[in-house]
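J.: Letter 116 of the sequence shown, counting from 1, is numbered 136 in the working numbering, and no numbers are missing.
All residues carry an ideal CB built from backbone N, CA and C; glycine is no exception.
Note that this is a predicted model, so its numbers are computed, not measured.
This is the structure I want to talk about, given as structure tokens.
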Amino acid sequence: MDLMPDIPDDELIEYFNHIRKSRADLPLEELLTGAFVKNIAVYLVKHSVNRPLTDKISTLKNTEIRKLINSIKALEFEVTGCSSWQNAQATMGGITASQIDEDLQSERHKGLYMCGEILDVVGDCGGYNLQWAWSSGILVGRKAAIDDKN
21 MDLMPDIPDD
31 ELIEYFNHIR
41 KSRADLPLEE
51 LLTGAFVKNI
61 AVYLVKHSVN
71 RPLTDKISTL
81 KNTEIRKLIN
91 SIKALEFEVT
101 GCSSWQNAQA
111 TMGGITASQI
121 DEDLQSERHK
131 GLYMCGEILD
141 VVGDCGGYNL
151 QWAWSSGILV
161 GRKAAIDDKN
């Protein structure tokens, strides 16, 4: 897996040379701070450098930088399975689009509106599912309020 597909190797070498100078007195554990979440950063450094993470960044050798870049650009790992659905960020299932109209009202039971996770809608992670829940909730709230006035 290429963890930095948009950055060529030569730019990464330049970047790590800059880090070696600008963060010279920090421990190797801090080498990838800001580039990756902590657990992946620590794994990459441990896997590539193979020495105490308390060593200073200034002691990083060019060969170690190249090994680190190789790990970042071609990370290999074994997928051993997946977690249970209780750990999912989003799940599928629910009332399908064919059962509702464009106002998210039930085709069978007029006046019954549905929104959010009750509908079979799943977006990419990153807030899209929350935005769907809020937006669809506002829509059906407004539609139900109009229906109530009639």
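Between which two residues does the alpha helix (DSSP H) carrying Lys41 extend?
T.: 29–42
J.: Quick one: what's got a C-beta closer than 7 Å to His38's C-beta in the same chain, skipping five residues either side?
T.: If we look at His38 and ignore the five residues flanking it on each side, it has no Cβ neighbours.
J.: Evaluate Cys135 with the Cβ neighbour count: other Cβ atoms within 10 Å of its Cβ, from every protein chain shown; 16 or more gives buried, anything less gives exposed.
T.: buried
J.: Spell out a yes or no on whether the segment 106–113 and the segment 138–157 are touching, meaning 3 or more CB-CB pairs, one atom from each, closer than 8 Å.
T.: Segments in contact, yes.
J.: Suppose you measure from the CA of Trp105 to the CA of Arg40; what does that come to, to the nearest Å?
T.: 42 Å
J.: Might you give, ordered along the chain, the residues of its own chain that have their beta carbon closer than 8 Å to the beta carbon of Pro47, omitting 5 neighbours on each side?
T.: Leu73, Thr74, Asp75, Lys76, Ile77
J.: Can you look up Thr53 in the DSSP assignment and give me helix, strand or coil?
T.: strand
J.: For Gln109, name the three-state secondary structure that DSSP assigns.
T.: coil
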